[in-house]
Amino acid sequence: MQQQASFGQHDSGTLYLVPTPIGNLADMTFRAVDTLKQVDLIAAEDTRNTQKLLNHFEIETKQISFHEHNTQQRIPELIHQLKAGVNIAQVSDAGMPSISDPGHELVNAAIAANIPVVPLPGANAATTALIASGLAPQPFMFYGFLPRKSGAQTRELEQLASQTQTMIFYESPHRVAKTLAVMQSVFGDRQAVLAREVTKRYEEFIRGSLSELATYAEESARGEFVVMVAGRDEQAAPTSDLPLKDQVQAGIDQGQSPNDSIKAVAKANQLKKQIVYNAYHEIGD
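Structure follows, in structure tokens:
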């Protein structure tokens with residue numbers, strides 16, 4: 152067990168996790184600005200992008216790059232400086248560090264070295280979009296970006312098909328239409344919401360079925376998207392905790408044909424028949 156106070160006297164520096172605006176500079180908090188001014192060093196995902204933010208708020212603190220391609224090199228350097236008493240703020244290009252952005256490995260390294268890790272509250276696209284979506288705000292599951300390859304994406308969505316909470320994803324404009332189509336094929340035509348350009352001038356919410364949103368995205372998809380999908384209807388939740396293959400086999404053992412058992416299991420689990428077929432025949436494993 153480790154118990155760590157965020158504030159007080161420490162033998163090391165402190166790692167501050169500082170969220171930055173996701174589009175509207177007015178969302179920067181007073182505390183975030185003060186923290187970036189007071190720390191000794193800012194570890195930024197893109198120093199050029201962060202420099203624009205620093206210039207706007209007249210922050211003169213030195214930066215160092217910290218992104219997914221130099222993580223292994225930078226973490227030992229940053230931990231060494233933190234141990235020497237240097238206070239460091241970590242920022243991503245927009246939003247919360249570690250949430251679909253670099254940061255998690257640095258946090259773990261700091262915790263392992265008994266260095267205080269202090270998070271600041273601030274802008275986050277997922278929860279900001281969720282509260283205006285009209286979908287159930289809790290419970291919810293944040294996923295982030297799905298795999299890009301179609302096969303891996305489909306398999307991941309199949310694993311999520313039984314979730315009953317609202318699911319939140321991030322997606323880019325050139326992939327969102329295809330992703331929505333795959334979601335429809337796996338989840339069925341559930342209600343969903345697209346939040347486009349959250350906090351920015353052209354912020355927009357598009358609400359409807361997955362098929363309607365897929366059509367919209369094919370015709371007009373600009374900006375960054377938060378994709379929110381309703382969870383499966385709890386009234387239609389499966390009555391068995393068995394894996395799909397075992398559910399099909401149970402029906403066969405009771406005298407059903409494999410095809411009839413697959414149909415029954417698909418209906419009971421509110422899933423596409425193809426998903427159950429693939430699970431039973433271990434296709435795609």
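Going by this note's numbering, the sequence shown opens with residue 152, and the numbers climb by one from there.
Cβ coordinates follow ideal geometry from the N, Cα and C atoms, glycine included.
Treat the numbers as computed from the prediction; the structure is a model and nothing was measured.
{"Check": "Boundaries (first-last residue) of the alpha helix (DSSP H) holding Arg-225", "Outcome": "222 to 234"}
{"Check": "Residues near Gly-174 by beta carbon distance below 6 angstroms, same chain, minus five either side", "Outcome": "Thr-350 and Lys-351"}
{"Check": "Status (buried if at least 16 other CB within 10 Å, exposed otherwise) for Asn-410", "Outcome": "exposed"}
{"Check": "Per-residue burial, Ser-243 [other beta carbons within 10 Å of its own, 16 or more giving buried]", "Outcome": "buried"}
{"Check": "Stretch pair the region 400 to 409 + the region 331 to 347: three plus CB contacts closer than 8 angstroms", "Outcome": "no"}
{"Check": "Whether Tyr-321 touches Gly-295 by CB criterion (7 angstroms)", "Outcome": "yes"}
{"Check": "Pick from His-432, Met-152, Ser-408 and Gln-421 that is closest to Asn-265, judged by C-alpha positions", "Outcome": "Met-152"}
{"Check": "Secondary structure of Val-237, DSSP reduced to three states", "Outcome": "coil"}
{"Check": "Inter-stretch contact at 8 angstroms, needing at least 3 Cβ pairs: the region 176 to 194 / the region 282 to 292", "Outcome": "no"}
{"Check": "Leu-176 classed as buried or exposed, judged by whether at least 16 other C-beta atoms fall within 10 angstroms", "Outcome": "exposed"}
{"Check": "Collapsed DSSP secondary structure at Phe-338 in the structure displayed", "Outcome": "helix"}
{"Check": "Euclidean distance between Cα positions of Lys-203 and Ala-263", "Outcome": "33 angstroms"}
{"Check": "Cross-strand partners of Tyr-171 (DSSP beta bridge)", "Outcome": "A small correction: the amino acid at residue 171 is Thr; Tyr does not occupy that position in the sequence shown. BP columns for Thr-171 point to Gly-246."}
{"Check": "Opening and closing residue of the beta strand (DSSP E) in which Ser-301 lies", "Outcome": "From DSSP, Ser-301 is part of no beta strand (DSSP E) but of the alpha helix (DSSP H) over 301 to 311."}
{"Check": "Nearest residue (CA-CA) to Ala-346, options Arg-199, Leu-233, Leu-281 and Gln-421", "Outcome": "Leu-281"}
{"Check": "Close beta carbons around Leu-364, own chain, < 7 angstroms, minus the five adjacent residues each side", "Outcome": "Leu-331, Ala-343, Leu-345 and Ile-357"}
{"Check": "Arg-286: first and last residue of the uninterrupted beta strand (DSSP E) it sits in", "Outcome": "Reading off the sequence shown, one finds Leu at residue 286, where the question assumed Arg. Leu-286 -> no beta strand (DSSP E), and no H or E assigned at all."}
{"Check": "Residues of its chain near Val-327, where Cβ-Cβ distance is below 6 angstroms and the 5 sequence neighbours each way are ignored", "Outcome": "Ala-368, Ala-372 and Phe-376"}
{"Check": "Start and end residues, beta strand (DSSP E) containing Leu-192", "Outcome": "192 to 195"}
{"Check": "Segment limits, alpha helix (DSSP H) that includes Gly-402", "Outcome": "395 to 404"}
{"Check": "Beta-bridge partners of Gly-295, as assigned by DSSP", "Outcome": "Phe-320"}
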